[in-house]
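The next block holds one structure in the form of structure tokens; read it before the comments.
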Amino acid sequence: MGGSGDQNGGTGAREAAPPPRNPTVTMTLFAYNQEAFIRDAVLGAFAQTYQPLEIILSDDCSTDRTFEIMQDLVDAYRGPHRVILRRNAQNMGVIPHYNLVFGMVEAEIIVFAAGDDISLPQRTATLVRRLQEDPRAVLVHSSTQTIDAAGKQGGPFAPPVQSDDPDPRQLAYAMAIYIGATGAFRRDFFQRFGPIVHVETYEDIILGFRAALVGGLRYIDEPLVLYRTDVGVSFVQSRKQPDWRAQRVRLMTRRIATLSQRLADLDRSEHPDRQTIARMLRHRLWRLGAQRDYLTDRAAFWKGLASMRFPAYAMAWLAETRFRTMRLYK
């Protein structure tokens, strides 16, 4: 009973197929002057259930105890993940810091994490599973559960774009697409477009548009991050600029940088509507440039108003006049 040969006449036992290989993943956790929150953020990274996982903890030359806290946690860590701790020699700013670390990663998938939020233990495994299930997906993001500075939970917080494969024409002017702290993306997708060169923007509104261009943006309707409100980079920067004019100039500068980066990214895409989208972006850039001139260089503005670009400058004048009127009647 029970011969040792297989149906093909072999004499050895049939070898079981090897289990599918988990893709290599790196979680990149970025920190800057977040000593009040960094412990919880790092412990959230350490608690990830996915394996194999590499974790890069990167500090942008903090002036508080952020890096020292990270160092203590790494020294005490005895878990299964490979952990790399690094620190910039000088403060680089948000986008140059991201470009540097993303360029260091060799794993197939990059999971983004912020130094003031907390990744739930199943986060990486859930994101990777969605990427595995959909070969066309290049960037996956999720909803969040809000917490305040003290860690008290609030309500759910979802991103502006919750559909899969959104139309990039509808996102051309968008200044919010997904919540950056929830994203994970394929490394070859980032390499395809290259580093973000217009640094006065944010990575999520650039990577989200890039993913839409290639039809690979996907959403998971599950809170995978405890998202801290009123403490992030954009909130801190707005507090540093209480003057409305300075805030307005910064807004224009960020929008100009964002749309300029999108124009550059269109050149690296094969989207069938890229010429139409490029035309849309150029027209909006003319108007934004005129609005910034109105706020910072009136001589240049009046010169532009008398030029061939009169429509863009006229629209800019109307937009800024409307904004100032609304401020007066608040």
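First residue of the sequence shown: 1, per UniProt numbering; consecutive thereafter. Even glycine gets a Cβ: it sits at the ideal position worked out from N, Cα and C.
At the level of alpha carbons, what is the spacing between residue i and residue j?
i, j, result
"V128", "I179", "17 angstroms"
"R187", "A114", "18 angstroms"
"D273", "E54", "38 angstroms"
"M175", "P156", "21 angstroms"
"L263", "A76", "46 angstroms"
"A137", "R218", "6 angstroms"
"P96", "A89", "13 angstroms"
"P223", "S119", "10 angstroms"
"F67", "R78", "19 angstroms"
"S49", "A125", "This sequence places Thr at residue 49; Ser is not what is there. T49 and A125: Cα-Cα distance of roughly 7 angstroms."
"L259", "Y202", "12 angstroms"
"R282", "R322", "23 angstroms"
"T24", "I109", "7 angstroms"
Give every residue of the same chain whose Cβ lies closer than 8 angstroms to the Cβ of residue i, excluding the five residues on either side of it in the sequence, and list them in chain order.
i, result
"L73", "R39, V42, L43 and F46"
"A181", "F112, A113, A114, D117, T144, V225 and Y227"
"D148", "G154, R228, T229 and D230"
"Q51", "N22, P80 and H81"
"M326", "none"
"M280", "R169, A172 and Y173"
"D265", "F193, I206, F209, R210 and L213"
Apart from the five residues just before and just after residue i, which ones in its own chain have a Cβ nearer than 7 angstroms to its Cβ?
i, result
"R65", "E35"
"R245", "L295"
"N99", "P195 and I196"
"S238", "Reliability of the predicted coordinates at S238 is poor, the pLDDT of 47 falling under 50, and the value obtained from them is presented with this limitation in mind. Q247, listed in sequence order."
"W302", "none"
From the options, pick the residue whose C-alpha is nearest to that of residue i; which is it?
i, options, result
"R123", "T296, I220 and A314", "I220"
"V225", "D273, R218, R282 and Q153", "Q153"
"residue 380", "I109, F193, Q90 and Y77", "With the chain represented from 1 up to 330, any question about residue 380 goes unanswered, as that position is not in the structure."
"M248", "P223, G289 and G208", "The question names Met, but residue 248 is Arg in the sequence shown. When only C-alpha atoms are compared, the closest one is G289."
"H81", "T26, Y294, F112 and P168", "T26"
"F189", "P160, D230 and G216", "G216"
"N22", "R78, N99 and L131", "L131"
"C61", "L29, N33, L100 and L213", "N33"
"W286", "A299, Q275, R255 and V140", "R255"
"T253", "G151, Q170 and E200", "E200"
"H141", "M70, P135, D164 and R279", "D164"
"R210", "R250, L251, D243 and D167", "D167"
"M70", "F37, F102 and V161", "F37"
"T63", "M92, R169, D243 and T276", "M92"
"V105", "S307, F185 and Q170", "F185"
Identify, in the order they occur along the chain, each residue of the same chain with its Cβ nearer than 6 angstroms to the Cβ of residue i, setting aside the five sequence neighbours on each side.
i, result
"R86", "S58"
"I206", "I196 and Q261"
"F159", "Per the sequence shown, the amino acid found at residue 159 is Pro instead of Phe. Result list for P159: Y178 and I179, in chain order."
"L305", "Y313"
"A31", "I38, D59, T66 and G115"
#### Entry: 4-residue-minimum alpha helix (DSSP H) runs that sit fully inside the segment 43 to 105, ordered along the chain
The segment 43 to 105 contains these whole alpha helix (DSSP H) runs: 66 to 76 and 94 to 104.
### Task
Return the chain-ordered ranges of every beta strand (DSSP E) run that is complete within the segment 134 to 215 and spans a minimum of 3 residues.
Counting only unbroken stretches of 3 or more residues, the beta strand (DSSP E) elements lying wholly within the segment 134 to 215 are 139 to 147, 153 to 157 and 184 to 186, in sequence order.
### Query
Going along the chain, which unbroken runs of the beta strand (DSSP E) with 3 or more residues stay wholly within the segment 215 to 292?
Taken in chain order, the complete beta strand (DSSP E) segments of 3 residues or longer contained in the segment 215 to 292 are 217 to 228.
### Query
Are the segment 308 to 317 and the segment 277 to 294 in contact at 8 angstroms, needing three or more beta carbon pairs?
Between the segment 308 to 317 and the segment 277 to 294, the count of Cβ pairs shorter than 8 angstroms is three or higher; the stretches touch.
### Query
Where in the segment 106 to 133 do unbroken runs of the beta strand (DSSP E), each at least 3 residues long, occur, reported from the N-terminal end onward?
If only complete runs of 3 or more residues are kept, the segment 106 to 133 shows the beta strand (DSSP E) at 109 to 114, in order along the chain.
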